[in-house]
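Okay, structure first, notes after.
There are 2 protein chains.
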Amino acid sequence: MVEINQEEQEQLNEELLIETLNSENIIGFREEFLYLHPYDQAKFFTKIAQEERLRIYRFLSPKEVSDFFEVLEIDDDEYKDILAEMEPQYVADMLSHMFTDNAVDVLNMLDKLQAASYLTIMNKESAQEIKDLLHYEESTAGSIMTTEYIAISANQTVRSAMHILKNEAPTAETIYYVFVIDDDRRLVGVISLRDLIITNDDTMISEIMSSRVVSITVDADQEDAAKQMRDYDLLALPVVDFQNHLLGIITVDDIIDVIDEEASDDYSKLAAVMDVDTIDKNPFSAAKKRLPWLIILLFLGMFTASLIGRFENTLNQVSILAVFIPLIAGMAGNTGTQALAVAVRGIATGELEEESRWKLVIREGGTGLITGSICGLLVVIIVFLWKGELFLGFLVGVSILASLFVATLAGTLVPLLMHKLKIDPAVASGPFITTMNDLTSILIYFGLATLFMSYLIH
Amino acid sequence: MVEINQEEQEQLNEELLIETLNSENIIGFREEFLYLHPYDQAKFFTKIAQEERLRIYRFLSPKEVSDFFEVLEIDDDEYKDILAEMEPQYVADMLSHMFTDNAVDVLNMLDKLQAASYLTIMNKESAQEIKDLLHYEESTAGSIMTTEYIAISANQTVRSAMHILKNEAPTAETIYYVFVIDDDRRLVGVISLRDLIITNDDTMISEIMSSRVVSITVDADQEDAAKQMRDYDLLALPVVDFQNHLLGIITVDDIIDVIDEEASDDYSKLAAVMDVDTIDKNPFSAAKKRLPWLIILLFLGMFTASLIGRFENTLNQVSILAVFIPLIAGMAGNTGTQALAVAVRGIATGELEEESRWKLVIREGGTGLITGSICGLLVVIIVFLWKGELFLGFLVGVSILASLFVATLAGTLVPLLMHKLKIDPAVASGPFITTMNDLTSILIYFGLATLFMSYLIH
Numbered sequence: 001m002v003e004i005n006q007e008e009q010e011q012l013n014e015e016l017l018i019e020t021l022n023s024e025n026i027i028g029f030r031e032e033f034l035y036l037h038p039y040d041q042a043k044f045f046t047k048i049a050q051e052e053r054l055r056i057y058r059f060l061s062p063k064e065v066s067d068f069f070e071v072l073e074i075d076d077d078e079y080k081d082i083l084a085e086m087e088p089q090y091v092a093d094m095l096s097h098m099f100t101d102n103a104v105d106v107l108n109m110l111d112k113l114q115a116a117s118y119l120t121i122m123n124k125e126s127a128q129e130i131k132d133l134l135h136y137e138e139s140t141a142g143s144i145m146t147t148e149y150i151a152i153s154a155n156q157t158v159r160s161a162m163h164i165l166k167n168e169a170p171t172a173e174t175i176y177y178v179f180v181i182d183d184d185r186r187l188v189g190v191i192s193l194r195d196l197i198i199t200n201d202d203t204m205i206s207e208i209m210s211s212r213v214v215s216i217t218v219d220a221d222q223e224d225a226a227k228q229m230r231d232y233d234l235l236a237l238p239v240v241d242f243q244n245h246l247l248g249i250i251t252v253d254d255i256i257d258v259i260d261e262e263a264s265d266d267y268s269k270l271a272a273v274m275d276v277d278t279i280d281k282n283p284f285s286a287a288k289k290r291l292p293w294l295i296i297l298l299f300l301g302m303f304t305a306s307l308i309g310r311f312e313n314t315l316n317q318v319s320i321l322a323v324f325i326p327l328i329a330g331m332a333g334n335t336g337t338q339a340l341a342v343a344v345r346g347i348a349t350g351e352l353e354e355e356s357r358w359k360l361v362i363r364e365g366g367t368g369l370i371t372g373s374i375c376g377l378l379v380v381i382i383v384f385l386w387k388g389e390l391f392l393g394f395l396v397g398v399s400i401l402a403s404l405f406v407a408t409l410a411g412t413l414v415p416l417l418m419h420k421l422k423i424d425p426a427v428a429s430g431p432f433i434t435t436m437n438d439l440t441s442i443l444i445y446f447g448l449a450t451l452f453m454s455y456l457i458h
Numbered sequence: 001m002v003e004i005n006q007e008e009q010e011q012l013n014e015e016l017l018i019e020t021l022n023s024e025n026i027i028g029f030r031e032e033f034l035y036l037h038p039y040d041q042a043k044f045f046t047k048i049a050q051e052e053r054l055r056i057y058r059f060l061s062p063k064e065v066s067d068f069f070e071v072l073e074i075d076d077d078e079y080k081d082i083l084a085e086m087e088p089q090y091v092a093d094m095l096s097h098m099f100t101d102n103a104v105d106v107l108n109m110l111d112k113l114q115a116a117s118y119l120t121i122m123n124k125e126s127a128q129e130i131k132d133l134l135h136y137e138e139s140t141a142g143s144i145m146t147t148e149y150i151a152i153s154a155n156q157t158v159r160s161a162m163h164i165l166k167n168e169a170p171t172a173e174t175i176y177y178v179f180v181i182d183d184d185r186r187l188v189g190v191i192s193l194r195d196l197i198i199t200n201d202d203t204m205i206s207e208i209m210s211s212r213v214v215s216i217t218v219d220a221d222q223e224d225a226a227k228q229m230r231d232y233d234l235l236a237l238p239v240v241d242f243q244n245h246l247l248g249i250i251t252v253d254d255i256i257d258v259i260d261e262e263a264s265d266d267y268s269k270l271a272a273v274m275d276v277d278t279i280d281k282n283p284f285s286a287a288k289k290r291l292p293w294l295i296i297l298l299f300l301g302m303f304t305a306s307l308i309g310r311f312e313n314t315l316n317q318v319s320i321l322a323v324f325i326p327l328i329a330g331m332a333g334n335t336g337t338q339a340l341a342v343a344v345r346g347i348a349t350g351e352l353e354e355e356s357r358w359k360l361v362i363r364e365g366g367t368g369l370i371t372g373s374i375c376g377l378l379v380v381i382i383v384f385l386w387k388g389e390l391f392l393g394f395l396v397g398v399s400i401l402a403s404l405f406v407a408t409l410a411g412t413l414v415p416l417l418m419h420k421l422k423i424d425p426a427v428a429s430g431p432f433i434t435t436m437n438d439l440t441s442i443l444i445y446f447g448l449a450t451l452f453m454s455y456l457i458h
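In order, the protein sequences belong to chains A and B. Residue numbering for the first sequence follows UniProt numbering, starting at 1 and increasing by one per position. Residue numbering for the second sequence follows UniProt numbering, starting at 1 and increasing by one per position.
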């Protein structure tokens, strides 16, 4: 009940706000709108029509628009359209008011030429900062860092540090960690605002800073940055170059996005969907994303079909064999997916260290044998009770044992191998490994059946 | 190269530290160990033997142990064993030094009696705070909140607020948000330390606080708390009761754990593994976790087998039909998993609002028709080219079209229905929906084949 009321309230507020906007009540709109949290401003902005957006660009300054533009959740194409609605100078001003990492995110969605044209008319300082960040490769620490951090020297007092902090607070992305650098801008320490506040004003920074700084190099994977921040409970992680010069910081809000993104990335791949978190607007765009996978899997499935085709003779003689095809193939697919998921997440979360890989393979082999034996035995009993055929039961049971063993090993070895070859192991999606395991399990089943054909015909 | 050297260095440091510990060099050990980050302390602690742990309890105070005990990543059973090694009073002191939410996490792993015995010998104030939190149900906002927040009144100056803040900084879990309450402890505002610092000391809190506080009720799902903190980029979220009284706060580090946990929970379920993030030590415990799923799926598979058994007559006459069983079942399984993943994540991330559910079903139905038509057409062509049989091609093609349509709808409807019935939709795991789709697709395929049998026999 409470939820519905809240939703209704929101709906009402939105309608009122649109009304204020369309009645050209600048002061009223500014008062209402600027009172909202940027996230709610962004939500409102994505819901309104173009003519209403055009009013917003007249009623709000580029800086005010930049506040919610940073947290807008829309497609690349929609970004382009919206930027095209604004005057180029307005866009440039807006970008220069964003935190550098967010401005870079926006520019990365545009064509190179378009991005360059905004940079040309932007104020020089902001443009340079953005250009510096545009170089970094996607998914690296460099690509998500911002340059709006606060750095001080070790040879100053807490008082003077607090003075710097108060001055820079309005523009810094976080003021809760202050980084200590030497004359050469090398990172030498870190101090939290908490420590600054509880320390006597005349204390030297060098006395209270922590010289054991957790940092990350600029080319490191953003997932590693996320792992460090999670493990060490950091609100900001300094990014350095290979000579330990401080280049920027990654803040915790960006890391939450990374963790979210990576997790649903792995999830999407396990399900063989391009990007599970984008809700498609129409069936065509959804189909377009899924078809590439399905068509690959269709051809793999055809391969399986042609494999069974080779055993047509066997099938002609004992057509009951066909009855257990989905069971055997399905069970192999299921165990393979289980093993795959464990390996893929183990690699992604870094819990699988280099040394324990072989241990994992041996352990998974053992797991495959155990699950295979138990499921195989169950099948022997069920088939015997159902059909009264002991030999057929054994044939199916042994096939399940062998298939589960092979499928578990394949589910483990394939992602480990891919990781070794520097391919994202999550690409070995669930359906892919399932279809592969269909193939091997059917080979095992029909191979055994053909071999022991004489026992099957009575 | 760099990484290996770093690992070697860590290895070396650990060995040195163990040596210092075992040579009873208290001062040396304390100096080295306390210099480490709690996360590294915890890593070290999980690696050493029992006799070495017993030394640590002598060398370090309960408070010092509590620092890394909070971030220990071990099983419930291991927690119990380790607590059993310590003197009860030592445990009680350690727990009372932890942040309340973490102490509650530890106590929740123990038997009720054991937990109560520690609470009895703990100092009264800490025990009461912990008892208050122990009530909250798992996965609610209440269960992850902490009571170590800083609250001030609106009728005081920035100067006096900063004074309170400095006093409470050493024990508060975060000082970066200060919450403003009225005489009745109702939450009326929030102010960030950033704002406090840049504001003149004589300003009243009421003038600068934000009265638009994002908060969450104590019984809300922890996922909703995570969503709010992510959307609003918060470092701390206040938790209130139904009269808006401030009860505690949730900090961003806990939310990162929640996001991680929920994502890998969904992932585990899609793969039908109990908990993909716990790396099992031996094949038996791994098999124990996977077997329940596999056995359920085995029986479902048997059901599919008996379904094909009913078409034995059809199969006897046209054994080539068996060739396409894995293809059709597999394709249905794959599309079902794709649709399932989209729906499960859509529900989990809250992107699917109530109103758009029917839209999703219609859209997914459309997607199923499109992918089904294209894959079906491809199959007709391939089977014709391969076998020269146009009718067989049509039969398989139409079966694929129908199966893909049904599977896509099932993959969407099942999780939506489960969500409606307040069951976690992620339980409809990938292999489960795959096996269900095996069944329907085979029913379609053999049903059509039996119906049009006369065309298949030449």
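C-beta atoms are modelled at their ideal positions from N, C-alpha and C, and glycine is treated no differently. Note that the coordinates shown come from a computational prediction; the quantities given were computed from them, not determined experimentally.
Setting aside the 5 residues that flank it on each side, residue 322 (chain A) is surrounded in the same chain by 315, each with a C-beta closer than 7 Å to its C-beta; the list follows chain order. Counting only residues of its own chain and dropping the five nearest sequence neighbours on each side, residue 334 (chain B) has no CB closer than 6 Å to any other CB.
Residue pairing by DSSP places residue 246 (chain A) opposite A:240 in a beta bridge. Closer than 7 Å to the CB of residue 292 (chain B) there is not a single CB belonging to chain A. In this structure, the alpha-carbon of residue 401 (chain B) lies about 7 Å from that of residue 369 (chain B). Of B:338, B:411, B:46 and B:89, the smallest CA-CA separation from residue 288 (chain A) is found for B:338.
The stretch 230-250 of chain A makes no contact with the stretch 201-211 of chain B; the number of CB pairs closer than 8 Å stays below 3. Between residue 194 (chain B) and chain A, the shortest Cβ-Cβ separation is below 7 Å. Between residue 159 (chain B) and chain A, the shortest Cβ-Cβ separation is not below 7 Å.
One finds 197 and 198 in chain A with Cβ atoms closer than 7 Å to the Cβ of residue 166 (chain B), taken in chain order. Distance from the CA of residue 103 (chain A) to the CA of residue 89 (chain A), rounded to the nearest whole angstrom, comes to 15 Å. Rounded to whole angstroms, the separation of the alpha carbons of residue 181 (chain B) and residue 153 (chain B) is 5 Å. A check of alpha carbon separations from residue 186 (chain A) across A:405, A:215, A:169 and A:268 identifies A:215 as the nearest. By the Cβ-count criterion, residue 404 (chain B) is buried, with 16 or more other Cβ atoms from all chains shown falling within 10 Å of its own Cβ.
In chain order, 380 place their CB closer than 8 Å to the CB of residue 394 (chain A), counting only its own chain and leaving out the 5 sequence neighbours on each side.
Chain order gives the chain A residues near residue 169 (chain B) as 194, 197 and 198, where near means a beta carbon separation below 8 Å. For residue 230 (chain B), the residues of chain A that pass the 9 Å Cβ criterion are 253, 256, 257 and 260, in the order they occur in the chain. Distances from the alpha-carbon of residue 32 (chain A) to those of A:377, A:14 and A:340 put A:14 closest.
A distance below 7 Å between beta-carbons, with the five flanking residues on each side excluded, links residue 434 (chain B) to the following residues of its chain, in chain order: 333, 336 and 337.
With a threshold of 7 Å between beta carbons, residue 88 (chain A) makes no contact with chain B.
Under the 7 Å criterion on CB atoms, residue 37 (chain A) is classed as interfacial with respect to chain B.
The Cβ atoms of residue 440 (chain B) and residue 396 (chain B) lie no closer than 7 Å to each other. With respect to the 7 Å criterion, residue 59 (chain A) and residue 29 (chain A) are classified as neighbours on the basis of their beta carbons.
Restricting attention to A:437, A:348 and A:122, the CA atom closest to the CA of residue 418 (chain A) is found in A:348.
If you draw a 10 Å sphere on the C-beta of residue 41 (chain B), you find 16 or more other C-beta atoms in it, and that means buried.
In summary, the residues of the stretch 337-351 of chain A whose CB is separated from some CB of chain B by less than 8 Å are 337, 338, 340, 341, 342, 345, 346, 349 and 351, in the order they occur in the chain. Around the beta carbon of residue 68 (chain B), 16 or more other beta carbons lie within 10 angstroms, which makes this residue buried.
Those residues of the stretch 205-221 of chain B placed with their C-beta closer than 8 Å to a C-beta in chain A are 212 and 214, ordered along the chain. Spanning the alpha carbons of residue 301 (chain A) and residue 19 (chain A) requires a straight line of approximately 57 Å.
Residue 123 (chain A) counts as exposed, since fewer than 16 other C-beta atoms from the protein chains shown sit within 10 angstroms of its C-beta. Taking 7 Å as the CB threshold, residue 177 (chain B) stays off the interface with chain A. Contacts with chain A at 7 Å (Cβ-Cβ) include residue 298 (chain B). The alpha-carbon separation between residue 307 (chain A) and residue 443 (chain A) amounts to approximately 7 Å. Contact check between the stretch 250-259 of chain B and the stretch 137-149 of chain B: three or more CB pairs, one atom from each, fall below 8 Å, which counts as touching. Within the stretch 363-386 of chain A, the residues whose Cβ lies closer than 9 Å to any Cβ of chain B are, in chain order, 363, 364, 365, 366, 367, 368, 369, 370, 371, 374, 375, 378, 379, 382, 383 and 386. At a cut-off of 7 Å between beta carbons, residue 398 (chain B) makes no contact with chain A.
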